[in-house]
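Protein chains: 2
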Amino acid sequence: MNPVDSTRASETCAPTSGPVACAKCGSRVAGICAALDMAGLEEISHETRRTQVNPRDVLYHEGDSAQSVVMLTRGVAKLTRQMPDGRQQVLGFRFAGDILGFTTRRTFLSDAEMLTEGQVCRISRRDFEGMLARFPATQRRLIELCSQELAETQEQLVTVGRRQAEQRVAAFLITLAEAARRRNQPHDVLDMPMTRAEIGDLLGLALETVSRAFTALKKRGLVKEPGGHKVELPDIPALAALADGDMD
Amino acid sequence: MNPVDSTRASETCAPTSGPVACAKCGSRVAGICAALDMAGLEEISHETRRTQVNPRDVLYHEGDSAQSVVMLTRGVAKLTRQMPDGRQQVLGFRFAGDILGFTTRRTFLSDAEMLTEGQVCRISRRDFEGMLARFPATQRRLIELCSQELAETQEQLVTVGRRQAEQRVAAFLITLAEAARRRNQPHDVLDMPMTRAEIGDLLGLALETVSRAFTALKKRGLVKEPGGHKVELPDIPALAALADGDMD
DNA sequence: CGGTGTCTTGACGGTACTCAAAATCTGTGG
DNA sequence: CCACAGATTTTGAGTACCGTCAAGACACCG
Numbered sequence: 001m002n003p004v005d006s007t008r009a010s011e012t013c014a015p016t017s018g019p020v021a022c023a024k025c026g027s028r029v030a031g032i033c034a035a036l037d038m039a040g041l042e043e044i045s046h047e048t049r050r051t052q053v054n055p056r057d058v059l060y061h062e063g064d065s066a067q068s069v070v071m072l073t074r075g076v077a078k079l080t081r082q083m084p085d086g087r088q089q090v091l092g093f094r095f096a097g098d099i100l101g102f103t104t105r106r107t108f109l110s111d112a113e114m115l116t117e118g119q120v121c122r123i124s125r126r127d128f129e130g131m132l133a134r135f136p137a138t139q140r141r142l143i144e145l146c147s148q149e150l151a152e153t154q155e156q157l158v159t160v161g162r163r164q165a166e167q168r169v170a171a172f173l174i175t176l177a178e179a180a181r182r183r184n185q186p187h188d189v190l191d192m193p194m195t196r197a198e199i200g201d202l203l204g205l206a207l208e209t210v211s212r213a214f215t216a217l218k219k220r221g222l223v224k225e226p227g228g229h230k231v232e233l234p235d236i237p238a239l240a241a242l243a244d245g246d247m248d
Numbered sequence: 001m002n003p004v005d006s007t008r009a010s011e012t013c014a015p016t017s018g019p020v021a022c023a024k025c026g027s028r029v030a031g032i033c034a035a036l037d038m039a040g041l042e043e044i045s046h047e048t049r050r051t052q053v054n055p056r057d058v059l060y061h062e063g064d065s066a067q068s069v070v071m072l073t074r075g076v077a078k079l080t081r082q083m084p085d086g087r088q089q090v091l092g093f094r095f096a097g098d099i100l101g102f103t104t105r106r107t108f109l110s111d112a113e114m115l116t117e118g119q120v121c122r123i124s125r126r127d128f129e130g131m132l133a134r135f136p137a138t139q140r141r142l143i144e145l146c147s148q149e150l151a152e153t154q155e156q157l158v159t160v161g162r163r164q165a166e167q168r169v170a171a172f173l174i175t176l177a178e179a180a181r182r183r184n185q186p187h188d189v190l191d192m193p194m195t196r197a198e199i200g201d202l203l204g205l206a207l208e209t210v211s212r213a214f215t216a217l218k219k220r221g222l223v224k225e226p227g228g229h230k231v232e233l234p235d236i237p238a239l240a241a242l243a244d245g246d247m248d
């Protein structure tokens with residue numbers, strides 16, 4: 001069977017810490033299915049297609065008809081907007097438990113591309129809307145997730161609008177640690193699968209500037225890179241202080 | 001009676017084009033109450049306090065306990081985050097029909113301050129949640145509004161992250177025109193109550209840079225300022241093209 | 001072990017920031 | 001209606017931060 005083929009989800013899509021635990025995806029993550037009870041999970045599982053995805057796989061394109069919603073259950077993705085001159089703005093990175101591609105518009109508002117291998121659950125927009133209608137708790141949960149995403153994007157705006165290069169990179173590392181914490185992963189040694197260029201496209205910086213900022217942060221002893229797409233943050237409070245401009 | 005005193009809303013808070021028209025606030029605006037029927041409007045009107053507000057009035061502060069939700073029914077407000085060094089980032093401007101201060105968190109995530117005189121409807125968070133519970137349509141509407149706000153913030157991120165000064169100002173003017181269009185106002189001559197400094201704090205620019213960009217846009221014939229906090233945009237398509245970098 | 005992609009470092013230039021001063025606008029009161 | 005004060009805007013000059021270009025180092029993978 002082709003690894004990219006969709007398969008009936010015999011286990012559910014829900015990486016959840018909610019009312020019920022998920023048989024296979026046992027990670028304690030706040031997906032929307034956290035709002036479903038056992039019966040809801042059983043029902044939804046028949047309407048989702050689970051797919052293995054690989055680095056550089058595109059989950060959807062900006063402008064495509066938004067016919068389905070994607071639940072990321074494993075791996076890291078980036079949401080991007082392409083500029084006419086070929087550059088891109090990364091709107092944010094997304095992790096296990098996040099919902100991608102939900103919109104009230106007709107088409108997707110960004111590209112979504114995997115950075116790592118991983119796993120996604122797709123559900124048709126029709127079925128997704130049906131779930132919202134039948135399980136009111138999922139609607140509240142969606143509001144929560146949307147509101148959370150808005151808060152993160154606003155924080156991102158502060159970073160890009162009012163911080164300088166080294167502060168921006170520090171702020172990025174803090175949000176990365178925060179994302180790990182929410183997924184109950186160790187947050188002093190983090191996976192960091194994104195390249196300097198992608199971090200630059202997130203922060204509104206050239207990749208060389210990101211590289212110089214990393215070098216500077218390492219000199220300060222605030223960052224270590226043991227290799228293998230890992231970062232170590234020995235002093236998160238100091239890093240946060242730097243991001244907020246409380247030191248230099 | 002003190003003009004800042006709250007008054008029982010004998011008419012509703014809803015500036016709406018929804019199922020019913022609002023007796024006093026007849027503007028066709030997409031507030032959340034657009035999702036309410038006549039009975040719902042009647043019920044909600046008893047739980048809201050309508051207030052006259054003036055320029056520089058603060059609707060709430062970042063960090064304050066988020067005990068109420070504010071519906072802006074007239075006027076323009078700005079949402080800001082204060083930086084430790086005294087500068088600020090404007091997260092966005094808000095207009096009649098917008099909801100301010102809704103969050104799933106315990107406290108507000110930004111300051112909200114009026115730029116013009118106007119009118120707001122306050123509802124306690126308790127009652128707001130009650131409304132969501134009793135009128136499912138308002139929940140869907142809230143998802144729509146939240147999703148819309150997210151899209152606008154992402155667009156803002158693209159502007160700040162990947163455009164240069166003149167393009168940023170052009171993009172700002174386009175969103176201003178777009179906001180006017182949504183409120184069914186003329187979108188070639190717009191109210192622009194914000195100062196150069198506030199526009200700079202929105203776009204991540206110094207106020208002088210904003211001023212220079214306006215001068216340049218006027219030289220190109222893409223912007224006119226007739227005075228009285230108005231802007232005229234004689235060629236919106238050309239302005240949009242400039243914002244997207246399709247010309248220089 | 002070679003090839004490719006990523007990262008680092010250096011040199012230079014440009015865009016936008018800072019500081020400063022003049023000009024314009026706005027509202028107030030004579 | 002005009003004068004005045006404060007706020008806002010404009011314009012100029014100098015500078016700093018970061019972008020661009022380029023070359024070399026490093027890491028990863030077949």
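Read top to bottom, the protein sequences are chains A and B.
Take the working numbering: the last position of the first sequence gets the number 248, and nothing is skipped along the way.
Take the working numbering: the last position of the second sequence gets the number 248, and nothing is skipped along the way.
Beta carbons are placed, not taken as given, at the ideal position from N, Cα and C, and that holds for glycine.
Using a beta-carbon distance below 8 Å, is residue i in contact with chain A?
i	result
I174 of chain B	no
G256 of chain B	Residue coverage of chain B in this structure runs from 1 to 248, which leaves residue 256 of chain B outside it and unanswerable.
G204 of chain B	yes
V210 of chain B	no
T153 of chain B	yes
V158 of chain B	yes
P84 of chain B	yes
D235 of chain B	no
R81 of chain B	yes
P136 of chain B	yes
S17 of chain B	For S17 of chain B, the predicted structure reports a pLDDT of 41, less than 50, and the residue's modelled location is therefore unreliable. The matter cannot be settled from this model.
Starting from residue i, find everything on chain A with Cβ-Cβ shorter than 8 Å and list it in chain order.
i	result
E144 of chain B	T104
G97 of chain B	Near G97 of chain B there are no residues of chain A at all, since even the closest Cβ is about 16 Å away, more than 8 Å.
Q89 of chain B	L157, V158, G161, R162
Pick helix, strand or coil for residue i, following the three-state DSSP scheme.
i	result
S17 of chain B	Low confidence applies here, because S17 of chain B scores a pLDDT of 41, under 50, leaving its location unreliable; read the following figure in that light. Looking at S17 of chain B - three-state DSSP - the assignment turns out to be coil, as it is neither helix nor strand.
D127 of chain B	helix
L132 of chain A	helix
L36 of chain A	coil
L233 of chain B	coil
R50 of chain B	strand
K24 of chain B	Legend: pLDDT at K24 of chain B = 43, less than 50; position of this residue unreliable, value from coordinates given subsequently. K24 of chain B: coil per DSSP, three-state reduction.
A243 of chain A	helix
What residues of chain B sit near residue i, judged by a beta carbon separation below 7 Å?
i	result
S299 of chain A	Nothing can be reported for residue 299 of chain A, as the shown portion of chain A is limited to 1 through 248.
Beta-carbon of residue i versus every beta-carbon of chain B: anything under 8 Å?
i	result
L109 of chain A	yes
D248 of chain A	no
P193 of chain A	no
G245 of chain A	yes
Q139 of chain A	yes
DSSP beta-bridge partners for residue i?
i	result
V58 of chain B	B:E113
Residue i touches chain B at which residues, Cβ-Cβ below 8 Å?
i	result
L334 of chain A	Only positions 1 to 248 of chain A appear in this structure, which leaves residue 334 of chain A out of reach.
L150 of chain A	C146, E149, L150, T153
message: Extract the residue ranges of the alpha helix (DSSP H) inside the segment 160 to 226 of chain B, only unbroken runs of 4 or more that lie entirely within it.
response: Correct list: 165 to 182, 196 to 203, 207 to 219.
query: Which ranges does the beta strand (DSSP E) cover as unbroken runs of at least 3 residues, wholly within the segment 64 to 130 of chain A, from first to last along the chain?
result: Entirely contained in the segment 64 to 130 of chain A, the beta strand (DSSP E) runs reaching 3 residues are, in chain order, 68 to 74, 77 to 82, 88 to 94, 111 to 114, 118 to 124.
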